[in-house]
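Everything below concerns the one structure shown next.
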Ligand SMILES: Nc1ncnc2c1ncn2[C@@H]1O[C@H](COP(=O)(O)OP(=O)(O)O)[C@@H](O)[C@H]1O
Ligand SMILES: [Mg+2]
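Numbering (this note's numbering), first residue to last: 285 to 696.
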């Protein structure tokens with residue numbers, strides 16, 4: 285029997301970590317395909333001084349903190365470099381390759397990123413040498429001309445993005461100057477809007493698994509993900525899924541969410557670097573069990589199947605496909621898809637799930653229908669909504685989650 289410790293590096297969340305701990309425990313010891321039995325403990329990690337040579341106790345860490353805090357980020361890098369600790373997102377690329385780098389990579393791969401321009405800071409950094417540099421080398425530029433060239437409406441948003449902070453829709457010159465003046469020391473993209481799109485598809489990826497959901501950003505949080513299937517035709521659905529998997533494999537991101545706008549059959553990727561994707565039960569509702577099951581499966585596969593972390597990139601292999609003039613867009617996507625499957629070991633993962641985790645779907649349904657999940661749901665609603673809305677939202681989420689459980693039972 286091999287025992288594994290899974291570490292969770294958490295911020296304010298309670299819901300999915302509690303679900304993850306409970307489902308992993310309920311899954312019991314796992315027999316891998318070589319007959320070896322693996323058991324699991326989960327631990328919420330604390331932040332403290334660490335010796336660079338100390339051996340981490342964790343085999344795998346799911347991180348929700350490092351994007352914002354240097355200390356856990358540096359712990360993760362150390363753990364990856366010195367002891368091969370498995371991390372779902374590469375801390376190396378998530379530090380250096382935020383939204384801007386993802387756009388650049390996708391443009392190189394031939395995807396339909398809307399036209400985007402990076403403009404210099406409104407207020408330059410506070411640095412003694414900056415004034416001299418700016419005086420000599422900063423070229424004055426015409427913001428209006430850039431916006432006119434892109435065409436209105438457009439979006440101004442931080443080059444590194446996150447949680448809609450600093451994002452504004454720009455309809456005219458007045459909006460443009462107000463938003464730029466307000467941007468201060470944040471570095472901004474101007475991006476052509478995909479106006480009047482047909483579908484906003486938001487996908488959540490965990491390892492090789494991707495779930496595409498219909499999203500409505502104009503709704504309050506609890507109503508953004510629609511419970512709707514078949515809202516994309518088969519070809520477009522496959523394209524959206526492939527784009528997510530390709531970007532993730534390209535950067536070694538295994539827990540990420542991706543946003544695409546679909547208009548007149550064209551898929552426009554707009555946001556593909558979310559180091560800490562939303563998995564709250566109050567926003568995912570019906571899809572929450574899918575996320576927990578995928579996280580548990582992938583964490584088990586990564587620790588029990590002999591998979592080793594690969595933080596090194598194979599950018600060149602993607603670029604060789606991108607640069608091949610003989611290949612159409614569809615052929616390129618398919619070729620990237622093959623590279624992504626190799627990275628994720630999709631086939632071996634599917635085999636592993638069939639052999640070692642065939643009981644997991646039933647475990648998840650049982651847990652979602654049980655009293656422990658109901659308590660978690662009620663507690664989460666109480667800590668998320670004002671008191672007068674508790675009753676309404678408890679009923680709302682109970683309805684959605686029991687519909688999910690019913691749908692699972694009907695399909696098996
Ligand atoms: N090019 C665009 N066309 C249409 N809507 C956009 C575009 N870019 C951003 N948006 C809207 O703004 C929201 C936030 O932008 P996004 O790039 O996702 O930033 P963040 O990283 O903060 O989530 C998107 O969810 C979408 O509703
Ligand atoms: Mg976004």
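Quick reminder that beta carbons are idealized off the backbone N, C-alpha and C, glycines included.
Nearest-angstrom Cα separation, counted from residue j out to residue i
i	j	result
residue 339	residue 417	45 Å
residue 687	residue 498	18 Å
residue 539	residue 420	43 Å
residue 461	residue 406	10 Å
residue 571	residue 623	28 Å
residue 426	residue 384	22 Å
residue 313	residue 590	16 Å
residue 654	residue 436	51 Å
residue 673	residue 662	12 Å
residue 286	residue 545	45 Å
residue 704	residue 404	Residue numbering for the chain in the displayed model covers 285 to 696; residue 704 lies beyond these limits and cannot be assessed.
residue 327	residue 369	15 Å
residue 525	residue 625	12 Å
residue 465	residue 441	13 Å
residue 306	residue 401	46 Å
residue 603	residue 614	15 Å
residue 697	residue 652	What is shown of the chain runs 285 to 696, which leaves residue 697 out entirely.
residue 556	residue 413	34 Å
residue 350	residue 357	4 Å
residue 392	residue 607	8 Å
residue 550	residue 449	27 Å
residue 670	residue 353	30 Å
residue 239	residue 483	The chain is shown only over 285 to 696; residue 239 falls outside these bounds and no answer can be derived.
Spatially closest choice to residue i from the options, by CA coordinates
i	options	result
residue 592	353, 552, 322, 628	628
residue 694	649, 395, 511	649
residue 531	356, 654, 364, 388	388
residue 324	333, 336, 334, 311	311
residue 337	681, 515, 436, 362	362
residue 569	289, 660, 413	660
residue 395	371, 617, 483	617
residue 690	645, 639, 331	645
residue 619	584, 334, 567, 527	527
residue 594	485, 376, 561	376
residue 534	491, 636, 576, 566	491
residue 299	584, 575, 637	575
residue 758	296, 523, 453, 630	Nothing in the structure corresponds to residue 758, since the chain is present only between 285 and 696.
residue 477	636, 553, 641, 380	553
residue 470	479, 486, 451	451
residue 542	573, 495, 638	495
residue 485	509, 463, 632, 493	509
Boundaries (first-last residue) of the alpha helix (DSSP H) holding residue i
i	result
residue 354	354 to 367
residue 390	383 to 392
residue 692	674 to 695
residue 577	572 to 588
residue 461	457 to 467
residue 613	613 to 628
residue 641	Per DSSP, residue 641 belongs to no alpha helix (DSSP H) and is neither H nor E.
residue 309	299 to 311
Cβ neighbour criterion (16 or more within 10 Å) applied to residue i
i	result
residue 342	buried
residue 473	buried
residue 599	exposed
residue 431	buried
residue 676	exposed
residue 529	buried
residue 319	exposed
residue 382	buried
residue 502	exposed
residue 696	exposed
residue 537	buried
residue 455	exposed
residue 331	exposed
residue 372	buried
residue 365	exposed
residue 475	buried
residue 667	exposed
residue 423	exposed
residue 458	exposed
For residue i, the first and last residue of its enclosing beta strand (DSSP E)
i	result
residue 377	Here residue 377 belongs to no beta strand (DSSP E); instead the alpha helix (DSSP H) covers 375 to 380.
residue 331	No beta strand (DSSP E) contains residue 331, which DSSP labels as neither H nor E.
residue 435	Unbroken run through residue 435: none, as it is neither H nor E.
residue 486	483 to 490
residue 425	Segment: none, residue 425 is in no beta strand (DSSP E) and carries neither H nor E.
residue 662	Not the beta strand (DSSP E): residue 662 falls in the alpha helix (DSSP H), residues 655 to 668.
residue 542	539 to 547
residue 452	452 to 454
residue 498	493 to 499
residue 286	286 to 293
Ligand 4 heavy atom lying under 6 Å from the CB of residue i
i	result
residue 448	Summarising the ligand content, the structure contains ligand 1 and ligand 2 and does not contain ligand 4.
Exercise. Who's in the neighbourhood of ligand 2, going by beta-carbon under 6 Å from any heavy atom, listed in chain order?
Worked result: 543, 555
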